[in-house]
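J.:
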Amino acid sequence: MKNIFLYLLILIPLAGAVAAMLGNSARRISLLAAGANLALAVLLLAGFNSPSDDPFRYRAAIAVLPALDLKLLVGVDGLGMMMVLLATIVTVCAVQLSPEVKDREGAFFACLLFISAGCIGAFVSLDLFFFYAFHELALIPTFLLIGIWGHGERLAAAWKITIYLALGSFILLLGLVALYLAIPAEHRTFDLTKLYALQAQLAQNSGASLVPVEKQGWIFLTLLSGFGILISLFPFHTWAPQGYAAAPTPASMLHAGVLKKFGLFGLLRVAYPLLPEGAQACSKVLLVLLVGNILYVGLVTIAQKKLDLLLGYSSVMHMGYIFLGLASLNIIGQSGAALLLFAHGLSVAALFAVMGILRDRLDTTRLEDFGGLARTMPLLSLFFGMALFASIGLPGFANFAAETMIFFGAFGADSLSVKSVFDFTPLQWTVLAGLWGVVISAVYMLRAYRRIFFGPLPDTLKSPPDLTAAQRWPFLVLIAGLLVVGFYPRLLVDVIKPGLQPTQPATPARVGVAQR
Amino acid sequence: MNPIYLEASVVVFGLVLLMAEAFLPRVDKRTFGWLGVAGLLLVLVLSFFVTAPTEAAPWQRFYAFDSAAMFYKRFALVTTILVLVMAVEYVPTLQKYLASATPGAGVGEFLCLPIFACAGLMWMASAIDFAMIFVSLELVTISFYILVTYTRRNPNSLEAGVKYLILGALSTGFLVYGITWVYGLTGHTSLAKIGPALLALQGQDTAIFFSFALILVGLGFKVAAVPFQLWVPDVYQGAPTPVTAFLSVGSKAAGFIVLLRVLDVFLGVPAIVGKIGLTLVVGAAATLIYGNFAAMPQVNFKRLLAYSSIAHAGYLLVAITSVLPHPGSTNPPVPFGETIAFYLAGYLLMTLLSFIIVIVVANQSPGDDIAHFNGLSRRSPFLAFALLIAMASLAGVPFTVGFFGKFFVFASALAGGQWLLIGIGALSVACGFYYYLKVVRAMYFQPVAAGADAAIELGGPTKAIIALLAGLILFLGIFPAPALDLYHASVKPAVALAK
Amino acid sequence: MLAWLILFAPLTATALILLVTKSSRQLSAFLSVGAVGASFLASVVVFFGPDFTTQFNWLEFGQRLIIPIGLTIDKLSRTMLLVVTGVGLLVHVYSLGYMHEDRSESRYFAGLSLFMFSMLGIVLANNFVMMFIFWELVGASSWLLIGHWYEKASAADAAKKAFLVNRLGDFGFMLGILVVWSLFGTVVFAELKPAVERISNDATFAVILPAAVLLLFMGAVGKSAQMPLHVWLPDAMEGPTPVSALIHAATMVAAGVYLMVRIDFLVIAAPTAQTVIAWVGMITAVMAALMATQQNDIKRILAYSTLSQLGYMIGAIGFAASGAAMFHLFTHACFKALLFLGAGSVIHGMHHEQDIWQMGGLKNKMPITFLTFAIGTAALVGFPYLSSGFYSKDSILIAAGAKSWIFLVMGLFTAALTAFYMTRLFIVAFLNKPRSENAKHAGESPMVMWVPLAILAVPSILAMPFLLGRSSTLTEVLGLAHDHSKDAWNVPLLAMFMFVWGVGLAFIIYRNRDRDPLRFPLLAHKFYFDEIYAGLIAITHDLLAKLSGFFDKYILDGLLVRGATTLAFGTGFVLRFFQVGNAQAYAIFFGLGVIVLLYLAVRP
Amino acid sequence: MPLTLHDYLLVSGLLFAVGFTGVLVRRNILVIYMCLEIMLNAANLALVAFSRFRPAADGMPDYHGQVLVFFIITVAAAEVAVGLAIIVALYRARNTTQINEINRLQY
Amino acid sequence: MTITLFWFFSFLMLAFAIVVVVQRNPVSSAMALVVSFIALAALFVSLDAFFIGVIQVLVYAGAVMVLFLFIIMLLDIKAEQRRVISPAALAGGLIVIFGFVGTFTQMLAGFAPAGATAPTLPHVIEDVKRVGILLFTEYNLPLQIVGTLLLVSTIGVIVLSKRELK
């Protein structure tokens, strides 16, 4: 156990949470913990590029239940590293952007740090069991955050989000256990690295699959439903908008920005590599559902009249793109999906942060109450605009790079010799729907921006003050992250690619490919 | 030391305490509670030093000292120790409801009776003969009749006692009749001999299942399985809280160990395995549904915990079903003993933690409704946080022992291919989150009721025990191995048995 | 390196303005102007330099997908660079004066620089994805600039509309890129060309290739505001006038044409698509010209005229005359920028009055503006032989004639209409008597504004004939070397006839009028396009959104999710009625349970 | 026709049923308690019959069954004592022995 | 003779058991129960279980029923004024009982050893001795437990029924 760094990543926020609960200056303590964690994550990222045969770095393990080969095994590949970075960045920003907490401040920040620790734990776990368990660490803090410090219909929302997610994660647990049991008894282990190795070895030796092919379909479906509920896959999405609307700002940021990504991360980490045939078998179902996410939820978003719900629904909608990348079943689309995890995490955190500030300053989230705020809140409008453009996939922001990869990956996924548009494969039709979704998202986002920041300033709004100095840098961090990755996505793509590559099926050649 | 001395020392210790209490009227009654705790602790320690006897003795026909028996003995001891702690904490309430002319009268007996019940529980853990099962179970049951009714100035307590009495006696009737029939079929009461004798019977599966069903009625009552669970909510609500805790943990665990031993015998008869399987599956499904769904509208905390206790019986039954052979799966039947033992260990920690807190809070509040926990996070952040951990564990949140319990249960159910139960289990878990978090909502979201906002005082030892329990819940939630090792720790022979 | 400088100088300016000099308007302005100046100088250097391509891989997945960010300097881009940076520089300078009193000058210049960056990216792009990137960025910066006066509801709405309509086009553009990539495995223009040639006779691709081209063309339709996505451009006139000049006349709207010229090898390989493109272009030309005849806002007239001229260019693509299209693009960029800046000068002088019927007699009040505007008008209407517009329009008309007589007729009709409405504008605004207080007290704009006018006037009237004569490179680049002897029609003559006819008619009708004597509601209301679209959106998208919202709230969430929880709760509520409290009832339930178990025993 | 085990078992079963009926239908707790005793005695009858009809190796009745009966009787006596004490306490507190009148705890 | 006696006492036992169930007055119920138990003791005797028969009379008919009667008198419980049996309970009870009797007889019909007749005994009956030996040797452990049980119930009865605890 010489590599304690990843444990530290989990322990720092936990320790911070305890200190925040007991100490006096909770905000400072948690900012310190979150900042230290971010610094550690950056250091680890910096050390990540050293050449190595092992895709998983910084490995360490603590045995927990030897009988089941259960151990607290941690390690990160590129994907994990990126998720850790996302989690730490958003945590710092969320803590810094927390509104003033008058009631039980310590508990508030402790809850935030708990969620953060849970996310990070899930991202670094290489053991199926703890991978699952860490995610659940966020459940009760979310309930408390919404219930105690929430807005509007906080109680109903707290119930809904908690029960729905509990149900979802239970289904997920069943799926994971089913996966475990479907592995031939002599190979059974929760250790993902061993499972990967076995899978690769079996594929090489006999072309066989670790999990029997006939079982893969329904296990994948179970995992998809479980993860799907956590990701707010259509039609299991209704918890998300209300939950995010009711949650205090930093909770929404962490939840929508990081925690929700756990499901997708899980699909990438567990379901797709270990159940390739299952993924293939279920792809049609997934396509239908993700079109639901993109088009149906997109339309629902247009119909929203409150900013918080609108942002909530829009974050649901964008999950559809990530699913599209996953469904492409190839390295391009899945890298895109992975990148979009990161990009969407940052952008949605920024959006929710703006929403929270507006709510705090103006006591309303109804779009019709707003207007002309660009005059009094120029900085906020600038940041919101950038986050908004990022989220609708404007080039220059990471979201665009990711969506581009997703579209390319999905469109070129199948062996292709299209003769007419009517020869499109289902996946290609889905891409079409996805592209239309880009239009839809522009419609509602610009509509919202127009309502809130443009037009005349209504008399009812007493010209609210702009961002304070302390509120500025988190936005800068988030936007800068989006821009840097957006300008040169390979910064992250090249890091995450190796982790995804070995699990992909060979790519079929196509007609008419230019010779190079 | 011979394991049989464990129970003997508990009984003797109980007697000594009873005498001491009678002859030392001036000593604060609570002292006897702490003395009881100390004595049982001593027995608990002793239990790690027992060795198997070197030669066969007649009592070995009745009495097993395998690892399971030892585990459940220790389980009973720990439960009783904690119940005694609760009882000491409960003394103020107790005195309010006792018909005592002098302060402290009747308290001593209240503190001694659990010790005798503990002996009964320990005997049950070892019972491998129906005669032994019957008498030890009755010792426990009759102790509980008394304990439930103990605060007889409290009409609820009385009512609970009467209900428990009638239904308990009814279930005893069925148990006895079942034992009679088993005896009639095989000519034996010893489990070890019944098994082969049942196999030797030809074409008698109707009668075999008939007698099994009657015994199952008696044991189903103990473990609170549907449809023999109806007493649970009323009795739990009415009984003095330490007794409720004792019932829900000790009595249930003892019921389960007996059920497991009996099931082991009857599952050896291939002709009735199908019917047993059907019974268990339907029973588990009904218990899950009843316990979880009916818990949702509850407003009284103890009643809520009663339904929760039914729900957990359902989960435990689910674990049992995994042993059933099932077509279409290559997985061998999963041995459930370990799962159930671990689940019950976790259940002990979280349930007793909840009940201790109920006692402490109810002592300083108007009652024990969930509404009386409103704003507990302000009155005592420590208690609120501890109860939060207990509730999270009961609901099955990871990194609590409750999660590992559920994990093992559902893993074995999946391995056994029990799809119906898994589906119902999923819904149950969701319901569970609702009603356990209802308590969290009360503690954290609701404002303190006017006039009941005094900070809650908490004695040092009690506080330490609460912290210990909460800590154990978390520790076993991350490292479950110690509890499982305990289950597998068998009694070492003093000298190698020449058998 | 120089190419990168061209591209990134304006972006640097944007970043610096946003991060550092936001508070100092002056500094921001000069930063922006300096950046575009640098780009211009570099472009000049590049213009006389060799062809080259420089790139790095923005995304790379083995051989499967390589998306480079690459800059191409070739004949096409270096000319376009010159136009874009040149006009851009002038507009920047002009803006110094025009926006001087605006307190958001910093934001304005940041947006303008961002726009320059985006536009230059389009010009330099060597592949589809990079072009798409800058394509979208152009849209975003245009949104920013149109919405510059965001407090005005109409400006805010116009900005939104422009962006959304462009997005609609981009939908097709991206899809087209995907189809092309899936067919050829590359997105780089230079690699596509040989691949396309290899399959040009393959019947397998007879359907998909035109489809792909049309999808790509959708992008151009959006950006170049062709029918039916033209509706955003007139509204975009809500932005500051220099923006209209730069973006909505000279550069951005020309990007669609530029794109089509870039991929003309694809268009030629797909004749079906070519015909469609021709029709779209020419219909736009005619209809926009018709609409222009009934507009009263000086900028809107120019906007419709822009539409119409863009129609010509797109049409030229359809006639396989991409050289002519480019030629017209260049000339149009100069004279339309001139006209817009002139209009801006008028508006500036008229204290932001834009209705031409409120003007009149500006000839004397604003002599320089008058003169330059006259030159611009002449170029636009194609004043025979003297104006650049004449030559470029002619080359398109000739190509139209070569394609089909119907296109020639449409082209000529448009030419006549152009002459008509421009003359109308010119007469009403400059010549007749002043018709308002503002008009009476109008004055000439400052030098910083009229110097760019003057500079732009030069190429409008002179440069093209001069260049045509002298620069063989240009004719070669644009493929204008045309043998007139084979023409079936004497197009220049016909065009001259149309010019005379249009100018004359307008002169007769509008000479000394105070009100518009002509009333064509259909044209004044722009063929009711906006109304039809509003209705269409209302009965499709909006209705769908409302339905989905309803479904989500009441069916999915209400009926299913909440229904499920209510059901669970109800079940619990009902179940606890077993718990009646009567121990005897418990005993009976107990007994029923026993009976069930015993029945199981006797059941065979 | 000589007496068979069947006859004894039938009588035992009927006695059990009668006792069970009393538990299910009577309201007076004392009578219910009596009926519970009837049920236990039905079991005793069957036990004794089994022990008689199933001789041990030496041809005598299987006395293990009778030992069990002894235990049952003892335990039943203890149960009766405690049960009656509870009923007395109940009567003192609520002045009733009707089972349908003690339903404060419900739902 | 034995058969007649068996059926006589069986009938007596069952009939008085039924009287226990239907009789309004608890005192009458208790008296009927005594009769029923004595008949049961006779049946025990018919099975050559003299010791059990005696115990039955002593413990049940004697001690337990006297206890019942004492309590009934002590509490001064009158005959129930209104219906003894509620219709709902009767309906539910009858369903259960018929179910029980039905399944029981069906099970019994298929119970193979049921046809056995009582074997003649080779020795003199010495059941007191045999039971006694068993109790104090082999069954010593359960006996101890029963002892504890009696202790507990003694404590319980005292605690529960004293008017005032001192």
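Residue numbers (the numbering used here), protein chains in the order written: chain R, 1 to 516; chain F, 1 to 499; chain H, 1 to 604; chain V, 1 to 107; chain D, 1 to 166.
Even glycine gets a Cβ: it sits at the ideal position worked out from N, Cα and C.
Values in this document were obtained by computation on a predicted structure and should not be read as measured data.
Where do the ends of the alpha helix (DSSP H) carrying residue 37 of chain R lie?
T.: Here the alpha helix (DSSP H) through residue 37 of chain R covers 26 to 46.
J.: Below 8 Å on the Cβ atoms is my guess for residue 143 of chain F versus residue 113 of chain F; work out the distance and round it to an integer in Å.
T.: Their Cβ separation, rounded to whole angstroms, is 6 Å, which keeps residue 143 of chain F and residue 113 of chain F in contact under 8 Å.
J.: If you draw a straight line from the C-alpha of residue 151 of chain R to the C-alpha of residue 36 of chain R, how long is it?
T.: Looking at the two C-alpha atoms, the distance is approximately 30 Å.
J.: By the criterion of Cβ-Cβ separation under 8 Å, what are the contact partners of residue 103 of chain V in chain D?
T.: Chain D residues near residue 103 of chain V: none, gap ~13 Å exceeds 8 Å.
J.: Reducing DSSP to helix, strand and coil, say where residue 371 of chain R ends up.
T.: Residue state, collapsed to three classes: coil.
J.: What residue ranges within the region 62 to 101 of chain V form continuous beta strand (DSSP E) runs of no fewer than 3 residues, ordered along the chain?
T.: Here no run is fully enclosed.
J.: Is the region 85 to 95 of chain V touching the region 557 to 571 of chain H in the sense that three or more CB pairs, one from each, lie closer than 8 Å?
T.: No, the region 557 to 571 of chain H does not touch the region 85 to 95 of chain V.
J.: Could you work out which residue in H:272, H:597, H:602 is closest to residue 216 of chain F when comparing CA atoms only?
T.: The option with the nearest alpha carbon to residue 216 of chain F is H:597.
J.: With 8 Å as the threshold, decide whether the Cβ of residue 17 of chain D is near any Cβ in chain H.
T.: It does not; no Cβ of chain H falls within 8 Å.
J.: Given residue 121 of chain D, which residues of its chain have a CB within under 7 Å of its CB, disregarding the five upstream and five downstream residues?
T.: Answer for residue 121 of chain D: 48, listed in chain order.
J.: Got a sec: is the Cβ-Cβ distance from residue 66 of chain V to anything in chain D below 8 Å?
T.: Answer yes: the Cβ-Cβ gap between residue 66 of chain V and chain D drops below 8 Å somewhere.
J.: Can you pull the DSSP bridge partners for residue 60 of chain R?
T.: The partner list for residue 60 of chain R (beta bridge, DSSP) reads R:74.
J.: Taking all protein chains shown into account, do 16 or more other C-beta atoms lie within 10 angstroms of the C-beta of residue 230 of chain H, making it buried, or fewer, making it exposed?
T.: By the neighbour-count rule (16 or more Cβ atoms within 10 Å), residue 230 of chain H is buried.
J.: With a threshold of 8 Å between beta-carbons, can residue 28 of chain V be considered close to chain C, or not?
T.: Checking the listed chains, one finds no chain C in this structure; the protein chains it contains are R, F, H, V and D.
J.: For residue 236 of chain F versus residue 247 of chain F, is the C-beta distance shorter than 8 Å?
T.: Result yes, Cβ atoms of residue 236 of chain F and residue 247 of chain F sit closer than 8 Å.
J.: Using a C-beta to C-beta distance shorter than 8 Å, which residues of chain V count as neighbours of residue 576 of chain H?
T.: Residues of chain V passing the Cβ test: 107.
J.: Going by DSSP in three states, residue 61 of chain H sits in which element: helix, strand or coil?
T.: In this structure, residue 61 of chain H counts as strand in the three-state DSSP scheme.
J.: Using a C-beta cutoff of 8 Å, does residue 595 of chain H count as contacting chain V?
T.: Cβ-Cβ to chain V under 8 Å: no for residue 595 of chain H.
J.: Say whether chain D places a C-beta atom closer than 8 Å to the C-beta of residue 321 of chain F.
T.: No, no contact with chain D.
J.: Taking the alpha carbon of residue 146 of chain H as the point to measure from, which residue in H:179, H:107, H:129, H:175 has its own alpha carbon closest?
T.: Residue H:107 is the option with its Cα nearest to residue 146 of chain H.
J.: Tell whether a beta-carbon distance below 8 Å holds between residue 496 of chain R and residue 350 of chain R.
T.: No, they are not a contact pair.
J.: So, helix, strand or coil for residue 284 of chain H, using DSSP?
T.: Three-state result, residue 284 of chain H: helix.
J.: Look up residue 471 of chain F in the DSSP assignment and say whether it is helix, strand or coil.
T.: Helix.
J.: Since residue 11 of chain F meets chain V, which of its residues come closer than 7 Å, beta carbon to beta carbon?
T.: Chain V residues near residue 11 of chain F: none, gap ~16 Å exceeds 7 Å.
J.: Applying the 10 Å Cβ sphere with the 16-neighbour rule, what's the burial state of residue 561 of chain R?
T.: What is shown of chain R runs 1 to 516, which leaves residue 561 of chain R out entirely.
J.: Could you tell me whether the Cβ atoms of residue 336 of chain F and residue 412 of chain F are closer together than 8 Å?
T.: Yes; because the gap between Cβ atoms is below 8 Å, this pair is in contact.
J.: Decide yes or no for the touch test of the region 473 to 493 of chain R against the region 331 to 345 of chain R: beta carbon pairs closer than 8 Å, at least 3 of them.
T.: With a cut-off of 8 Å, the region 331 to 345 of chain R and the region 473 to 493 of chain R count as touching, because enough Cβ pairs lie within range.
J.: My output table needs one value for residue 382 of chain H: the three-state DSSP class, helix, strand or coil.
T.: Reduced to three states, the DSSP call for residue 382 of chain H is coil.
J.: Measuring CA to CA, which of H:522, H:329, H:346, H:438 is closest to residue 87 of chain H?
T.: If we check each option's Cα against that of residue 87 of chain H, H:329 comes out closest.
J.: Note down, in chain order, each residue of its chain lying with its Cβ closer than 7 Å to the Cβ of residue 199 of chain H, except the 5 sequence neighbours on either side.
T.: So the list reads 205, once near-sequence residues are dropped.
J.: If we cut at 8 Å on Cβ distances, does residue 137 of chain D have a partner in chain V?
T.: Chain V, which has no Cβ nearer than 8 Å to the Cβ of residue 137 of chain D, makes this no.
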